[in-house]
Amino acid sequence: MSADASLEELEARLVTFTEQLQNIHELLQSDPTNTEFLSIAKDLVEVIQLTKETIDLKVNAASSSQVTESQKTQEPRQESLTLELKYEPGSVVEALQQGVWYPAHVDSLTSDGSYNVKFLGFGTTAELKEDALRAIEVDEDQASQLPAKETITEGFKCQAKYYADAVVYPCSVTKVTELGFQVLFDGYGNSEEVPYEYLRPTALLQSEVGPNTAQTSPTNAVDGATALAGAATAPKVAPAVIHKPIKIPENLQILPSDTEAEKERKRKRIRAIKSLNRHKTIDNERNIKQHDWKAFQYKAKKKGLKKGVSGVLSKRGSSMFASPDTVQGRVGVVGSGQGMTTFQDTRTKKPKHA
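Just so you know, we're using UniProt numbering here: the sequence shown kicks off at 1 and counts up by one.
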């Protein structure tokens with residue numbers, strides 16, 4: 001390496017060598033035992049170290065006035081960078097990847113204003129711009145009903161937001177992690193790592209079906225006029241709520257270049273989403289049946305039908321299991337105890353002559 005190179009040339013070389021070393025590290029991730037890549041990486045590390053030492057010598061050789069002036073110009077830059085910092089390192093945000101917002105932890109800030117984040121539940125890292133991050137929306141009323149983060153332990157019952165569809169589901173905490181909590185969603189069987197900001201109190205558990213329809217007042221009217229009056233006050237049946245299935249994100253597609261661990265992680269996520277969609281399909285079928293039955297009841301009320309003893313809307317009539325009118329009758333036998341039917345003899349009889 002030439003010692004006569006200018007400071008600008010040395011800095012340009014340092015950037016080039018650093019980029020080459022990053023490329024070699026990416027290649028080593030797919031083939032960590034490649035001796036050629038390891039040798040190149042070792043040489044690049046030595047060259048980078050020598051370049052840094054040469055740059056330090058040239059900087060120290062500069063006049064003290066130039067160094068002082070450079071420091072004065074750098075201080076406002078650092079202050080402005082601190083003022084423009086939107087997400088502090090150590091905070092939890094949501095990061096956009098392949099059209100899906102994932103919970104992530106801000107690890108550090110780069111020199112160009114980007115953020116190094118780590119995705120919860122995946123363990124992967126990424127360098128993202130500020131527009132690919134957003135703060136997690138937290139309801140203050142709900143947050144006040146949760147215990148402190150430090151007091152939550154295994155077995156804690158709560159609700160948590162699922163990143164795939166942003167819907168809150170009941171769950172229980174199975175493990176306290178470094179960045180949040182490992183929760184198991186009730187009825188679905190999939191486990192996810194979520195931040196504290198994703199938790200919700202169980203007291204706010206509401207039916208996912210939607211707003212409850214007002215219950216119709218039971219009517220035991222004897223005449224048709226009273227039944228019609230009850231039907232007039234009964235509200236109309238709300239349409240059945242159909243839950244949309246969750247689309248599998250593109251980043252969960254298994255690629256040939258993925259490692260076995262990465263493939264297994266993606267398969268686990270896909271199975272969890274498919275299980276959630278299967279439960280939603282079952283809920284949709286149940287909601288449709290409930291809606292059809294309520295619609296039938298509402299239609300029957302409008303026609304003036306009365307409510308029978310069994311609770312099913314039907315025309316009022318005597319039951320075959322009612323008590324018989326006579327002691328000779330038997331319960332459950334139609335016409336029992338009434339005797340045989342007698343008919344009048346209508347034949348014409350001629351008088352007999354002696």
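The beta-carbon is built from N, C-alpha and C at its ideal position, and this holds for glycine as well. Here the structure is a predicted model, which means the values were calculated and not measured.
Helix, strand or coil at residue i according to DSSP, with G and I counted as helix
{"i": "P351", "result": "coil"}
{"i": "T346", "result": "coil"}
{"i": "N190", "result": "coil"}
{"i": "Y102", "result": "strand"}
{"i": "Y87", "result": "coil"}
{"i": "S314", "result": "Confidence in S314 is poor, its pLDDT being 44 and thus under 50, which makes the residue's placement unreliable; the coordinate value appears in the next sentence. Of the three classes helix, strand and coil, the one that applies to S314 here is coil, per DSSP."}
{"i": "R330", "result": "coil"}
{"i": "H243", "result": "coil"}
Cβ neighbours of residue i in the same chain (closer than 7 Å, five flanking residues each side left out)
{"i": "L44", "result": "F17, Q20, L21, I24"}
Cβ separation of residue i and residue j, assumed to be a contact under 8 Å, to the nearest whole Å
{"i": "Q100", "j": "P239", "result": "Per the sequence shown, residue 100 should be read as Val rather than Gln. About 29 Å separates the two Cβ atoms, so there is no contact after all."}
{"i": "L14", "j": "I40", "result": "Actually they do not touch by this definition, with Cβ atoms about 17 Å apart."}
{"i": "P194", "j": "V183", "result": "The residue asked about is misnamed: residue 194 is Val in this sequence, not Pro. Going by Cβ atoms, the distance from V194 to V183 rounds to 6 Å, so yes, they are a contact pair."}
Cβ-based neighbour list, residue i, same chain, cut-off 6 Å, excluding 5 preceding and 5 following
{"i": "H105", "result": "V92, K118, L179"}
{"i": "Y102", "result": "A95, F119, Y163"}
{"i": "E8", "result": "none"}
Span separating the alpha-carbon of residue i from that of residue j
{"i": "A166", "j": "E154", "result": "23 Å"}
{"i": "A132", "j": "L120", "result": "16 Å"}
{"i": "T342", "j": "T348", "result": "18 Å"}
{"i": "R265", "j": "G189", "result": "16 Å"}
{"i": "D186", "j": "V176", "result": "18 Å"}
{"i": "G57", "j": "T33", "result": "First, the residue type needs correcting, since residue 57 is Leu and not Gly in the sequence shown. The alpha-carbon atoms of L57 and T33 are separated by roughly 36 Å."}
{"i": "S108", "j": "Q142", "result": "30 Å"}
{"i": "I270", "j": "E11", "result": "46 Å"}
{"i": "Q145", "j": "D139", "result": "10 Å"}
{"i": "S207", "j": "E262", "result": "At S207, the pLDDT of 41 sits below 50, so the modelled position is not reliable and the matter cannot be decided from this model."}
{"i": "Q98", "j": "E137", "result": "21 Å"}
{"i": "A135", "j": "E26", "result": "31 Å"}
One or two residues paired with residue i in a DSSP bridge
{"i": "R200", "result": "Q159"}
{"i": "R134", "result": "E94"}
{"i": "residue 355", "result": "In the structure as shown, the chain starts at 1 and stops at 354, and residue 355 therefore has no counterpart that could be examined."}
{"i": "L184", "result": "S172, S191"}
{"i": "V167", "result": "Y162"}
Cβ-based neighbour list, residue i, same chain, cut-off 8 Å, excluding 5 preceding and 5 following
{"i": "D31", "result": "F37"}
{"i": "Q159", "result": "V168, Y169, P170, C171, L199, R200, P201, T202, L204, L205"}
Neighbour flag for residue i against chain B, beta carbons, 9 Å
{"i": "V334", "result": "No chain B is present in this structure, which holds just one protein chain."}
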